[in-house]
Each structure stands twice: as C-alpha cells, then as structure tokens.
Amino acid sequence: MTSALLIIDVQQGLCEGEGRAFESDAVIVRINHLAAQARSAHVPVVFIQHESPTGYLEHASREWQLADGLQVDPGDFRVRKTTPDSFLNTDLQALLQLHDVSELIVCGMHTEFCVDTTTRRALALGYPVTLVADAHTSAGNAVLTPRQVIDHHNATLTNIASFGPRVRAVASADLKIAA
C-alpha cells in the first residue's frame, strides 16, 4: 500500500492567543518528525490549510499561514479548503489518485472538526487511516478539555467499522513510515 501524510490545519492562527491548540508546540515537533520520515520514504506530504473568505483564517493572512516552526519542503503539496472536509471542493482526491495513494496517515489541528471530518470522509472513500494519536490537537470546548477531545477521538474513530476500511491510532514514536 502507498501512503500519504495529511497535515491538517497546522496554521499560525490556531497556535496562538486564547484559542491556541493544546500542546501545539509539541504537536508541531512530532509532525515535523513524521514529515521527515515520510519525505525520506518518498511518501507524499500534504499540508491542508483551512481558509475563510474574510476575517479569521482569510487566505494569505498571517493567521492563515502554516504555523511557525512547521518544516515545509519545496516538494510537499498544499491543499486549500473551506470546510472541515479536506476532500470537499478540493483537489485532494485527485492528488492522492495521481500518486497511487491507498492509505492515509492523518495528523493536525482541531481534532473535533477537520481531523474528524477528513478521517471519516477518507474511510467513506475507501482509505484506511492511521491517526497519529499524539499529533492531533484541539483547543477544547465548553464541555470537554482538549485532552478529552483528543482521547475521545482516538477511541471513537478507531471503533468505526461500518465503512469497511478502519482507523488505527498509533503514537508518533511507534509509527514507522516506509515507502
């Protein structure tokens, strides 16, 4: 199987201020390590960026930019999106097909929105998913702490069987990305 690493919404605006994602600096370090492994194995690295037409996360704004500290290679791919689903109205599916990708490794920000929605859509499209258990994060919400959101999604997404393909949650230190 050919893998691709999807790095979802690791953008500056989600790494600062009151809405700063939980442990964002540590998550970025883990993502950088995963991306380096992927590049060494010739596995496509895809940065996905959410954008709004105006205001917060407006295209090309400072907040929209990839997060400080995130290591990007000129050979990496970028996908812009406007919904929590990284596949909806984007060229992600065509990109994956072009590179004969058959399984996905997913990490990124705002677990309960874009990581969750993209993971579920990937399953519906037939992609098995490795969710990097300690490389996705959230700012939490009025009901759940960030840690609860992360733990909930690691448990819930791995229990979905109805699509056929499955999600497995793996810690970044235990994940070996190979060609």
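Taking this note's numbering, the leading residue of the sequence shown gets -3, the next gets one more, and so forth.
Note that beta-carbon positions come from the ideal geometry of N, C-alpha and C, so glycine has one too.
Taking just the CA atoms, how far does GLY15 sit from MET105?
12 Å
Where VAL41 and ARG117 are concerned, what is the direct C-alpha to C-alpha distance, given to the nearest angstrom?
19 Å
Assigned exposure category for HIS149 - 16 Cβ within 10 Å defines buried:
buried
Is the separation between the beta-carbon of TRP60 and that of LEU53 shorter than 8 Å?
yes
Quick check on LEU2: does DSSP put it in helix, strand or coil?
strand
Out of curiosity, what's the CA-to-CA distance linking PHE109 and HIS29?
24 Å
Looking only at C-alpha atoms, which of ASP130, ASP96, GLY136 sits nearest to TYR123?
ASP96
With DSSP collapsed to three states, give me the class of CYS103.
strand
Under the rule that 16 or more other beta-carbon atoms within 10 Å means buried, what is THR114, buried or exposed?
Classification for THR114: buried.
Counting pairs of Cβ atoms below 8 Å between the segment 73 to 81 and the segment 131 to 148, do you hit three or more?
no
In chain order, each alpha helix (DSSP H) run of at least 4 residues that lies wholly inside the segment 107 to 156
112 to 120, 142 to 153
Three-state secondary structure (DSSP) of ARG58
Coil at ARG58, not helix or strand.
Starting from ARG26, follow the alpha helix (DSSP H) in both directions and report where the run begins and ends.
20 to 36
Buried or exposed for LYS77, please, with buried defined as at least 16 other CB atoms from any protein chain shown within 10 angstroms of its CB.
buried
Check this for me: beta carbons of VAL23 and ALA129, under 8 Å apart or not?
no
Buried or exposed: where does ALA63 fall if 16 or more other Cβ atoms within 10 Å of its Cβ makes it buried?
Under a 10 Å Cβ-count criterion, ALA63 is classified as buried, with 16 or more other Cβ atoms of the shown protein chains found around its own Cβ.
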